[in-house]
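Only one structure is covered here, and it is reproduced in the block below.
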Amino acid sequence: MQDASHCFNKQNRLMKQQRNMLNRKNKAGAIKQSIYVTLKHMYSVFDNDEVPEQWSVQEKFEDFQNILYRQTEENECVVNKQFESLDDFLKRETALRVYFEKLRTILKEKDFQYCAWEFVRDEVQHILLFILKTDFDGWFSRRG
């Protein structure tokens, strides 16, 4: 597998501010809903026939897709609950939609090349680390 370090440059680090939309100090319910929406967006980005050949042959990539699918399915009820912080959630949802649209745009502009996918993978990794660190009272760990 080729080294992906050459795929990143400072200009492509545009996402940090939008990644932080999950990190606002507000209601846990809105953050849980935002995490769910984030996982759904991730699943849709990676559920793509254009993934790099280097990834598609790896069992780990398929496992990752399965985990994303399972987490979104098992946590779907969170979105259906009513929380006091609906306004906060709607702001986060808009920011998340824009963020993932930018990721998709990068993939399209770079013709779904390996480096574009590595950039997306790196961004998603930052988000997943935040989700794992946040893990409200074991909310995700209980779900397998």
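The working numbering puts the sequence shown at residues 203 to 346.
Here a beta-carbon is modelled for each residue, glycine too, at the ideal position from N, C-alpha and C.
This one's a predicted model, so the numbers in the text were calculated from it and none came from an experiment.
L331 counts as exposed, since fewer than 16 other C-beta atoms from the protein chains shown sit within 10 angstroms of its C-beta. Nearest to D324 by alpha-carbon distance, out of L334, E311, L305, is L305. Three or more beta-carbon pairs drawn from the segment 313 to 327 and the segment 247 to 255 are found closer than 8 angstroms, and the two stretches are therefore classed as touching.
In the three-state reduction of the DSSP assignment, N277 falls in the coil class.
Taking all protein chains in view, the Cβ of H243 is crowded by 16 or more other Cβ atoms within 10 Å, so the residue is classified as buried. In the three-state reduction of the DSSP assignment, F321 falls in the helix class. Of the other Cβ atoms in all chains shown, fewer than 16 fall within 10 Å of the Cβ of R299; this residue is therefore exposed. Rounded to the nearest whole angstrom, the CA to CA distance from E252 to E278 is 27 angstroms. With a beta-carbon spacing of about 7 angstroms, T274 and Y238 fall inside the 8 angstroms limit used to define contacts. Only exposed fits K335, as fewer than 16 other CB atoms lie within 10 angstroms of its CB. Assigned with DSSP and collapsed to three states, V253 falls in coil, not helix or strand. Q235 is a Cβ neighbour of F291, given a cutoff of 7 angstroms.
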